[in-house]
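So the protein sequences, as listed, match chains A and B. The first sequence maps to residues 1 to 327 in the working numbering. The second sequence maps to residues 1 to 327 in the working numbering. Here is the structure we will look at.
2 protein chains.
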Amino acid sequence: MRTRELANLRAYHLTVDIGGTKTACAAGTSSGEILARREHPTPLARGPEACLERIARDLRRVLRQIKGTLPAPVSIGVACGGPLDSRAGVIYSPPNLPGWDAVPVKAFLEERFGLPTFVENDANAGALAEHRFGAGRGTRNLVYLTLGTGIGGGIIAEGRLYRGTTDDAGEIGHTTILPDGPECLCGKRGCLEALVAGPAIGKRAQRLAGENPQSLMHRLARGGEITAVHALQAARQRDGAAREVWRETGYFLGIGIANLIQVLNPQVIVIGTIAVHARDLLLRPTRDSARRHAWPRALKAVRIVPAKLGERVGDLAALCCALNAGR
Amino acid sequence: MRTRELANLRAYHLTVDIGGTKTACAAGTSSGEILARREHPTPLARGPEACLERIARDLRRVLRQIKGTLPAPVSIGVACGGPLDSRAGVIYSPPNLPGWDAVPVKAFLEERFGLPTFVENDANAGALAEHRFGAGRGTRNLVYLTLGTGIGGGIIAEGRLYRGTTDDAGEIGHTTILPDGPECLCGKRGCLEALVAGPAIGKRAQRLAGENPQSLMHRLARGGEITAVHALQAARQRDGAAREVWRETGYFLGIGIANLIQVLNPQVIVIGTIAVHARDLLLRPTRDSARRHAWPRALKAVRIVPAKLGERVGDLAALCCALNAGR
Chain A
1 MRTRELANLR
11 AYHLTVDIGG
21 TKTACAAGTS
31 SGEILARREH
41 PTPLARGPEA
51 CLERIARDLR
61 RVLRQIKGTL
71 PAPVSIGVAC
81 GGPLDSRAGV
91 IYSPPNLPGW
101 DAVPVKAFLE
111 ERFGLPTFVE
121 NDANAGALAE
131 HRFGAGRGTR
141 NLVYLTLGTG
151 IGGGIIAEGR
161 LYRGTTDDAG
171 EIGHTTILPD
181 GPECLCGKRG
191 CLEALVAGPA
201 IGKRAQRLAG
211 ENPQSLMHRL
221 ARGGEITAVH
231 ALQAARQRDG
241 AAREVWRETG
251 YFLGIGIANL
261 IQVLNPQVIV
271 IGTIAVHARD
281 LLLRPTRDSA
291 RRHAWPRALK
301 AVRIVPAKLG
311 ERVGDLAALC
321 CALNAGR
Chain B
1 MRTRELANLR
11 AYHLTVDIGG
21 TKTACAAGTS
31 SGEILARREH
41 PTPLARGPEA
51 CLERIARDLR
61 RVLRQIKGTL
71 PAPVSIGVAC
81 GGPLDSRAGV
91 IYSPPNLPGW
101 DAVPVKAFLE
111 ERFGLPTFVE
121 NDANAGALAE
131 HRFGAGRGTR
141 NLVYLTLGTG
151 IGGGIIAEGR
161 LYRGTTDDAG
171 EIGHTTILPD
181 GPECLCGKRG
191 CLEALVAGPA
201 IGKRAQRLAG
211 ENPQSLMHRL
221 ARGGEITAVH
231 ALQAARQRDG
241 AAREVWRETG
251 YFLGIGIANL
261 IQVLNPQVIV
271 IGTIAVHARD
281 LLLRPTRDSA
291 RRHAWPRALK
301 AVRIVPAKLG
311 ERVGDLAALC
321 CALNAGR
């Protein structure tokens, strides 16, 4: 190992990726290498304080794992569902963390570990990670969309994370795409999320399967509820109705993305999870629709691509919160 | 006059505001004081070179007007319709300047005057002006919308103009608000511009007047075409159909603004021209609709206000291009 690599390796950070189901604690270097890692089920039922104590325990274990080989870590990065106050490092009441309200994660970890701690919402942290290590490397203007059960978004503008006035920028999943469209969990109608997130794809699959009794989706679901997963499996086997599910989804996703292109004129739009699984089945109709709904100059400047970090995004996102310190 | 004010006054800039109808040349200080000004009809029919020569002539006149009282100007700021390349200072083919294509405004003026020249599209320049001198003073995150015959937009993010990858950010007028909605001049359907710019308001007034034979709008138009102006005059006299014109317009404008709030989480949204004339007739239903289409946290952070600079925006916008030099 060369001296420079060694020097890079010596500077490392602790990371915490807090999710509704599991929480991961790790140590990573500025080049994205994960040195040690612990994961535990988030003990939501025992309240936020127990969750924080559990995080502190796993962080100490991570530290013990690499002790002796390296000096002290530089800082701690935390990625967590929003809404939150990134400056104060306080997490408000994320939908995926019931019972949490005004939880002072930054103050807790700084007190326990004596290390500067940086907190971002997970979509912003994911944007930082895809920008630094993933599909958006080398770009100045990026939009990152998570596309799973819900939709989150993060914006990199002129090379920097754009958080907005109250850390609420990038809530692209709840822009209105179809006024008077289907109801969204947020209470509005026709939100992008209500049209293209996992549950919306499932509903679309159910409708189109209903209209097409011959569709492979019926067989795949074996009498159970037809979901986005069945629509994906059937579409891969060239089932017409299932392919239509992805075409319709791409049509609406393309409108949402075209609106982002018109407003933000980004170099790259990186789409996670479902876009990573469905690839061209979703991305081709999405690009077609974006082309019809955005202007040529801005379109020419942008790539619409699946996320690249896959399962690694959580740790790297939290790591990037630490690496992004002060920006 | 105190020394500091004098010093400020001594540093001044030349400004050029190029419009489809008229072009204004002026000299202004960093505090926004216009020291001298000339205006001429843009000689479009004689081609872009003649337009540039005419600008050079007026700038020399402006310089003569203040000669002796002040030293040489610091730089030149140019505001002009887009698309353009702000870095190269080349103007492509703005809809309002037929016959222009790849016009090197920056190179021309730098060669003639030996002064660094900074070119921005007029919506971006207007955003800078409302941010520095107008309704957005003291904010970090601002969106500026021109709302006239068309809709332009400019974004200030973290205190800086956000231009996007190819100077095409902020094209908010052509985000899709109503898929399959009315045709837009740009060729798409259901663009914000096709729903709420001047001509769309005129069409809405014609439709609602047609449905309401008693409406004051008929009398005001005296048998001629009913326009947004008649809708405004009639609404001020409490004509029900005319008020509905503004309510419907505000409904769609509110959706477009809510989408901006969701994506950009700005502190202020400044709306020009028609919003300045119509004030609460338009802004009240716009705010109502934005409230129904955006999330409470981001809504609480934002003010939706009319532009403040009025007729002065052109000179101040061009001035801000010079003052914004290098950012």
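Virtual Cβ for every residue (Gly too), placed ideally from N, Cα, C. Since the structure is predicted, the reported quantities are computational estimates derived from the model, not experimental observations.
Exercise. Can you check DSSP and say which residues form a bridge with aspartate 101 (chain A)?
Key: Answer is none; aspartate 101 (chain A) lacks a bridge partner.
Exercise. Give me whichever residues DSSP pairs with asparagine 121 (chain A) in a beta bridge.
Key: A:Cys80
Exercise. Please confirm whether proline 41 (chain B) and threonine 15 (chain B) have their CB atoms less than 8 angstroms apart.
Key: no
Exercise. Please report the residue range of the beta strand (DSSP E) in which threonine 227 (chain A) lies.
Key: It is not in any beta strand (DSSP E) - threonine 227 (chain A) carries neither H nor E in the DSSP assignment.
Exercise. Could you pull out every residue in the same chain whose Cβ sits closer than 6 angstroms to the Cβ of valine 268 (chain A), ignoring the five residues on either side in sequence?
Key: Gly136, Thr139, Leu142, Arg303
Quiz prompt | Chain-order list of residues whose beta-carbon lies under 8 angstroms from that of glutamate 298 (chain A) (same chain, five-residue window excluded) | solution = The sequence given here has alanine at residue 298 (chain A), not glutamate. Excluding residues within five positions, the ones whose Cβ falls inside 8 angstroms are Ile261, Gln262, Asn265.
Practice problem: Label alanine 107 (chain B) either buried or exposed according to how many other C-beta atoms from any shown protein chain fall within 10 Å of its C-beta, with 16 as the threshold for buried. | Solution: exposed
Practice problem: Identify the contact partners of alanine 258 (chain A) in chain B, using a Cβ-Cβ distance below 7 angstroms as the criterion. | Solution: Thr176
Exercise. Give the straight-line distance between the Cα atoms of glycine 19 (chain A) and alanine 235 (chain A), rounded to the nearest whole angstrom.
Key: 31 angstroms
Quiz prompt | Neighbour list for histidine 293 (chain A) in chain B, Cβ cutoff strictly below 7 angstroms | solution = Thr176, Lys188
Quiz item: Given alanine 50 (chain A), which residues of its chain have a CB within under 6 angstroms of its CB, disregarding the five upstream and five downstream residues?
Solution: Pro43
Practice problem: Rank A:Asp122, A:Ile201, A:Asn96, A:Ala129 by C-alpha distance to the C-alpha of alanine 307 (chain A) and give the top, closest one. | Solution: A:Ala129
Self-check item: Segment contact flag, the segment 114–121 of chain B with the segment 75–88 of chain B, C-beta cutoff 8 angstroms, min 3 pairs
Solution: yes
Quiz item: Since cysteine 51 (chain B) is in the alpha helix (DSSP H), which residue starts that stretch and which ends it?
Solution: 47–66
Self-check item: Neighbourhood of methionine 1 (chain B) by C-beta, 6 angstroms cutoff - its chain only, sequence neighbours within 5 removed
Solution: Legend: pLDDT at methionine 1 (chain B) = 44, less than 50; position of this residue unreliable, value from coordinates given subsequently. Around methionine 1 (chain B): no qualifying Cβ.
Quiz item: Considering only the beta carbon of each residue, do glutamate 363 (chain B) and leucine 208 (chain B) sit closer than 8 angstroms?
Solution: The question about residue 363 (chain B) has no answer, for chain B in this structure spans 1 to 327.
Quiz item: Expressed to the nearest angstrom, what Euclidean distance is found between the alpha-carbon atoms of alanine 301 (chain A) and threonine 165 (chain B)?
Solution: 7 angstroms
Self-check item: the segment 265–290 of chain A: positions lying closer than 8 angstroms to chain B by Cβ
Solution: Asn265, Pro266, Gln267
Quiz item: List, in order along the chain, the chain A residues whose C-beta lies closer than 7 angstroms to that of asparagine 141 (chain B)?
Solution: Gly164, Thr165
Quiz item: Looking only at its own chain, which residues have a Cβ that is under 8 angstroms from the Cβ of glycine 254 (chain B), when we skip the five neighbours before and after it?
Solution: Pro285, Thr286, Arg287, Asp288, Ser289, Ala290, Arg291, Arg292, His293
Practice problem: Just the C-alpha distance for alanine 275 (chain A) and isoleucine 257 (chain B), rounded to the nearest angstrom, thanks. | Solution: 28 angstroms
Quiz item: For isoleucine 34 (chain A), does the three-state DSSP call read helix, strand or coil?
Solution: strand
Self-check item: Where threonine 286 (chain B) falls: helix, strand or coil (DSSP)
Solution: helix
Quiz item: Which class does alanine 176 (chain A) belong to by DSSP, given the choice of helix, strand or coil?
Solution: A quick correction: the sequence has threonine, not alanine, at residue 176 (chain A). Correct three-state label for threonine 176 (chain A): strand.
Quiz item: What are the partner residues of leucine 147 (chain A), as DSSP defines its beta bridges?
Solution: A:Ile151
Exercise. Could you name the residues of chain A that aspartate 168 (chain B) contacts, counting a contact when the two beta carbons are closer than 9 angstroms?
Key: Ile261, Gln262, Asn265, Trp295, Arg297, Ala298, Ala301
Quiz prompt | Expected contact under 8 angstroms - CB spacing of asparagine 259 (chain A) and threonine 175 (chain B) to nearest Å | solution = 4 angstroms
Quiz item: Which residues bound the alpha helix (DSSP H) around arginine 247 (chain A)?
Solution: 240–264
Quiz prompt | Beta carbon proximity, alanine 200 (chain B) to chain A, threshold 8 angstroms | solution = no
Exercise. Could you pull out every residue in the same chain whose Cβ sits closer than 7 angstroms to the Cβ of valine 103 (chain A), ignoring the five residues on either side in sequence?
Key: Pro48, Val90, Ile91
Quiz item: Of all the residues that make up the segment 129–162 of chain A, which are near chain B by a beta-carbon distance shorter than 8 angstroms?
Solution: Arg140, Asn141, Gly153, Ile155, Ala157, Glu158, Arg160, Tyr162
Quiz item: Can you list, in chain order, the residues of the segment 200–224 of chain B whose Cβ is nearer than 7 angstroms to any Cβ on chain A?
Solution: none
Quiz item: Going by the CB atoms, is the gap between isoleucine 226 (chain A) and glycine 398 (chain A) shorter than 8 angstroms?
Solution: Residue 398 (chain A) is absent from the structure shown; chain A starts at 1 and stops at 327.
Quiz item: So what's histidine 157 (chain B) in DSSP terms, helix, strand or just coil?
Solution: Reading the sequence as shown, one finds alanine at residue 157 (chain B) and not histidine. It is a strand residue.
Quiz item: Does DSSP classify glycine 164 (chain A) as helix, strand or coil?
Solution: coil
Quiz item: Is there at least one Cβ from chain B nearer than 8 angstroms to glutamate 248 (chain A)'s Cβ?
Solution: no
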